[in-house]
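J.:
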Amino acid sequence: MSYQKYFTEEHEVLRQTVKKFVEKEITPHVDQWEEEAGFPREVYRKAGELGLLGVGFPEEYGGHPMDIFGVFVVAEELIRCGAMGIQVGLGTHGIGLPPIVRLGTEEQKRKWVPPVLRGERIAALAVTEPNAGSDVASIQTKAVRDGDFYVVNGAKTFISSGVRADIVTTAVRTGGPGYPGISLLVVEKGTPGFRVSKSIKKMGWWSSDTAELAFEDCRVPVKNLLGEENQGFYGIMVNFQGERLGISIAAVAAAQLAYDLTLSYVRERKAFGKPLTGFQVTRHKLADMATAVNVAREFTYRIAARYEAGEEVVAEVSMAKNFTCQVADKVCYDAVQLHGGYGYSREFVVERLYRDTRILPIGGGTQEIMKEVIAKRLGF
126 MSYQKYFTEE HEVLRQTVKK FVEKEITPHV DQWEEEAGFP REVYRKAGEL
176 GLLGVGFPEE YGGHPMDIFG VFVVAEELIR CGAMGIQVGL GTHGIGLPPI
226 VRLGTEEQKR KWVPPVLRGE RIAALAVTEP NAGSDVASIQ TKAVRDGDFY
276 VVNGAKTFIS SGVRADIVTT AVRTGGPGYP GISLLVVEKG TPGFRVSKSI
326 KKMGWWSSDT AELAFEDCRV PVKNLLGEEN QGFYGIMVNF QGERLGISIA
376 AVAAAQLAYD LTLSYVRERK AFGKPLTGFQ VTRHKLADMA TAVNVAREFT
426 YRIAARYEAG EEVVAEVSMA KNFTCQVADK VCYDAVQLHG GYGYSREFVV
476 ERLYRDTRIL PIGGGTQEIM KEVIAKRLGF
């Protein structure tokens, strides 16, 4: 199926570059990295050298300016390796750096953005706390001004790449309650009082690290403040639409891979003397899977195109996230079912995809929060 109306020749050149990178540098090692719960930092450097980490970022900071479809291309091809944790681990700069690019001073941008896009440093975003997830306005990590420093105390949790991140764009409370009291500080690895308190073991995404972070009288220079004090919520909000579209396309890519692997399996697997495709129940399930994946992809692409055109699509982005996550959940479930006992075996990629996709309707705004966003935009 052709999607030429969304992708240019430049996108296709990028796709081939990512595809070759995945085939050479990632796929042969995926099973090992999953068991080791991480992949070498060298992978960041190699991806940076090819310009893959810079897709969508300004050229003056070492990026490769492209629209959201360029970001989609990278995500789609990385997920073809069969482990979503790789794509997540390599992509946390996609939520950690945008607040710096949008709100930072020229000095801040040149200090922190280029090294990350070169793959020399790792960036993360820290918003979620033990008692504040979807309710961003309730974060409690406090930053009190003390001369040329902020003294930060609090904790963050479920931070992707948090274990080995070199710079962490961190939401803190510098003012009163609610949204108006939130600021963004860049906290660098090695800052006294800042530490990784726990590496979280997860159901899926094994090859990416996830951390709990602790701030104990952590002294962060005032010059690390992004934008104005108490205006940090804007920096968080501008991430949401792109992040949610990114999750949508990741869900579609995972569902597509699960379908492809299942189609190959049922063509070869025999039962009662004929391939599984010889049974109507199998063919109909495959037809439903293919339909769901294609509808989810087309809707996501269409909303992404409208987003790129500057249209107001907040409700539609939330719809895309919820719908694609439901599709991924169902398609991966059916993929495991059609694989039979093998689908429950860790030797088969569909088992991993079944686990990896479960977090998608939780991260980046839960399914329930998305429904609230949609309802409000629809006027009820």
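In our numbering, the protein residues as written are 126 to 505.
The beta carbon of each residue, even a glycine, is placed where N, CA and C say it ideally should be.
#1: Quick test of your reading: LEU222 and LEU203, contact by CB under 8 Å. State the CB separation rounded to the nearest angstrom.
#2: Report the option in VAL474, ARG480, GLN356, ALA500 whose CA atom is closest to the CA atom of MET328.
#3: In the region 180-262, which residue ranges form an unbroken alpha helix (DSSP H) of at least 4 residues, counting only runs that do not cross its ends?
#4: Which residue's Cα is closest to the Cα of THR449: VAL498, ALA500, LEU503, GLY371?
#5: So what does DSSP say about SER443, is it helix, strand or coil?
#6: Are LEU309 and GLY352 close, meaning C-beta to C-beta below 8 Å?
#7: THR425 lies in the beta strand (DSSP E); which residues open and close that run?
#8: Quick one: Cα of ARG205 to Cα of GLU497, how far?
#9: Roughly how many whole angstroms lie between the Cα atoms of MET362 and GLU160?
#10: Put MET126 into one of helix, strand or coil per three-state DSSP.
#11: Per DSSP, which one or two residues make a beta bridge with LEU177?
#12: Roughly how many angstroms separate the alpha carbons of ARG140 and GLU167, rounded to a whole number?
#13: At 3 residues or longer, and completely inside the region 254-305: list those beta strand (DSSP E) runs for me, N to C.
#14: Over what stretch of residues does the beta strand (DSSP E) that includes ALA339 continue unbroken?
#15: Can you check DSSP and say which residues form a bridge with ILE307?
#16: Judging by CA-CA distance, which residue of ALA383, LYS446, ALA415, ALA440 is the nearest neighbour of HIS464?
#17: Please determine, among GLU354, ALA251, SER333, ALA445, the residue with the shortest C-alpha to C-alpha distance to GLY306.
#18: For LYS323, decide whether its Cβ has a neighbour in chain B, counting only Cβ atoms nearer than 8 Å.
#19: Anyone know if the C-beta pair for ILE292 and VAL311 falls short of 8 Å?
#20: Could you pull the start and end residues of the alpha helix (DSSP H) that LYS144 belongs to?
#21: Quick check: the Cα distance between PRO183 and ALA434, rounded to an integer number of angstroms?
#22: How many angstroms separate the CA atom of MET126 from the CA atom of ALA336?
#23: Would ALA162 pass as a contact of SER286 if the rule is Cβ separation under 8 Å?
#24: Just grab the DSSP bridge partners of LEU401 for me.
#25: Using DSSP's beta-bridge definition, name the partner residues of ARG320.
#26: Check for me: the alpha helix (DSSP H) holding THR387 runs from which residue to which?
#27: Less than 8 Å separating the beta-carbons of THR253 and THR295?
#28: Nearest by alpha-carbon distance to LYS130: which of ALA376, ASP342, GLY179, GLU423 is it?
T.: This is what the structure gives:
#1: So it is not a contact: roughly 18 Å between Cβ atoms.
#2: For MET328, the closest alpha carbon among the candidates VAL474, ARG480, GLN356, ALA500 is that of ARG480.
#3: List check, alpha helix (DSSP H) in window: 193-204, 209-216, 218-221, 223-228, 231-242.
#4: Nearest option by C-alpha distance: GLY371.
#5: It is helical.
#6: Annotated as proximal: LEU309 and GLY352, with beta-carbon spacing under 8 Å.
#7: Per DSSP, THR425 lies in no beta strand (DSSP E); the unbroken alpha helix (DSSP H) holding it starts and ends at 405-433.
#8: Whole-angstrom Cα-Cα distance: 32 Å.
#9: Their backbone Cα atoms lie some 35 Å apart in a straight line.
#10: Per-residue confidence for MET126 stands at a pLDDT of 45, beneath the threshold of 50, marking its modelled position as unreliable; the derived number appears in the next sentence. If DSSP states are grouped into helix, strand and coil, MET126 belongs with coil.
#11: LEU177 is not bridged to any residue.
#12: Approximately 21 Å, taken between the alpha carbons.
#13: Listed in chain order, the complete beta strand (DSSP E) runs (minimum 3 residues) inside the region 254-305 are 267-271, 274-285, 292-298.
#14: First-last of the beta strand (DSSP E) with ALA339: 335-346.
#15: Bridge partners of ILE307: ARG298.
#16: Of ALA383, LYS446, ALA415, ALA440, the residue nearest in Cα terms is ALA383.
#17: Ranked by Cα distance from GLY306, the options GLU354, ALA251, SER333, ALA445 are led by GLU354.
#18: Absent from the structure is chain B; it holds one protein chain and no more.
#19: In contact: ILE292 and VAL311 (Cβ atoms closer than 8 Å).
#20: Membership of LYS144 in the alpha helix (DSSP H) is indicated by the continuous run 134-146.
#21: Their backbone Cα atoms lie some 18 Å apart in a straight line.
#22: Residue placement at MET126 is flagged as unreliable, the pLDDT there being 45, under the threshold of 50; the coordinate-derived value follows with that caveat. Distance between the alpha carbons of MET126 and ALA336: 40 Å.
#23: It is not a contact, given that the beta carbons lie outside the stated cut-off.
#24: Answer is none; LEU401 lacks a bridge partner.
#25: Looking at the DSSP assignment, ARG320 forms a beta bridge with ALA339.
#26: Segment 357-393, the alpha helix (DSSP H) holding THR387.
#27: Taking 8 Å as the Cβ cut-off, THR253 and THR295 do not qualify as a contacting pair.
#28: It is GLU423 whose Cα lies nearest to the Cα of LYS130.
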